[in-house]
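Every position in the sequence shown, counted from 1, becomes a number in the working numbering once 89 is added.
Glycine is no exception: its CB is placed at the ideal position from the N, C-alpha and C atoms.
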Amino acid sequence: MPMPKFRKVVILGYRSVGKSSLALQFVKGHFADDYDPTIENTLNKSLMIGEDEFQLQLVDTAGQDEYSLLPHSFVLGIHGYVLVYSVTSFKSFVIAKIIHSKLQDRRGKGLMPIVLVGNKTDLASQNREVKVEDGKKLADKWGAAFMEASAKDGEVIN
Ligand SMILES: Nc1nc2c(ncn2[C@@H]2O[C@H](COP(=O)(O)OP(=O)(O)OP(=O)(O)O)[C@@H](O)[C@H]2O)c(=O)[nH]1
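This is how it looks when you write it as structure tokens:
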């Protein structure tokens with residue numbers, strides 16, 4: 090048996106956009122309604138992609154704002170990023186752009202695998218502040234993957 094391949098992915102975004110909930114839904118398959126701000130939490134999951142086994146380490150981080158500094162540990166030895174905003178918060182979309190530009194400053198403009206996720210689609214019919222097309226356009230500009238999701242419904246997370 091070949092050795093599993095190790096990948097470390099950091100989840101970043103504004104406060105309360107659902108970073109922990111997405112991570113929990115992805116790793117454990119459930120959702121909690123209560124809100125407990127994260128300091129930092131690492132979750133592990135092994136998954137098969139084709140014939141390859143990957144050991145995924147997901148780092149769930151504290152909510153960032155425009156003034157937050159990106160620690161070294163979010164830059165060195167990281168294989169990819171999940172940048173999360175909430176479709177119900179325009180501010181969180183702005184913060185996602187700010188985080189992306191901080192990442193580029195620190196890592197350079199070379200390859201930086203990113204998935205941009207617009208979370209909380211279950212609330213979108215009442216409270217949408219970010220259009221799907223705007224999320225998609227931003228991800229295209231970055232050369233990133235894009236999806237909208239709901240950690241609550243478990244929609245598209247796996
Ligand atoms: N309706 C709905 N609520 C969600 C969803 N995802 C997260 N929430 C709720 O939003 C609140 C914040 O979720 P968290 O997952 O803690 O958000 P976070 O981004 O990790 O927050 P910080 O640790 O402060 O950065 C909680 O009350 C969650 O239950 C979703 O997809 N739909």
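For Ser214, is the beta carbon positioned less than 7 angstroms from some heavy atom of ligand 1?
no
Give every residue of the same chain whose Cβ lies closer than 8 angstroms to the Cβ of Gly243, excluding the five residues on either side of it in the sequence, and list them in chain order.
Cβ neighbours of Gly243 within its own chain (closer than 8 angstroms, five residues either side excluded): Gln114, Gly118 and Phe120.
Do you know offhand how far Gln144's Cα is from Arg96's?
6 angstroms
Any heavy atom of ligand 1 closer than 7 angstroms to the Cβ of Thr131?
No.
Under a three-way DSSP split, which group does Ala112 fall into?
Secondary structure at Ala112: helix, using DSSP grouped into helix, strand and coil.
Residue range of the unbroken beta strand (DSSP E) whose run includes Asp242:
Run containing Asp242: none; DSSP gives neither H nor E here.
Between the region 185 to 200 and the region 93 to 107, can you find at least three pairs of beta-carbon atoms closer than 8 angstroms?
yes
Assigned exposure category for Gly207 - 16 Cβ within 10 Å defines buried
Looking at its Cβ environment, which holds 16 or more other Cβ atoms inside 10 Å, Gly207 is buried.
Quick one: what's Gly224 bridged to in DSSP?
According to DSSP, which records beta bridges pairwise, Gly224 is partnered with nothing at all.
Quick check: what's the CA-CA separation for Gln193 versus Leu205?
15 angstroms
Which full runs of the alpha helix (DSSP H) of 4+ residues lie inside the region 98 to 149, going along the chain?
108 to 117
Cβ-heavy atom distance, Ser110 to ligand 1, below 7 angstroms:
Distance from the C-beta of Ser110 to the nearest heavy atom of ligand 1 is below 7 angstroms.
If you run the structure through DSSP and keep just helix, strand and coil, what is Lys191?
helix
Given a threshold of 16 other Cβ atoms within 10 Å of its Cβ, counted over all protein chains shown, does Thr131 qualify as buried or as exposed?
exposed
So, helix, strand or coil for Leu159, using DSSP?
coil
For Met137, which option in Pro91, Asp122, Leu172 and Ser175 has the closest C-alpha, if you only look at C-alpha atoms?
Pro91
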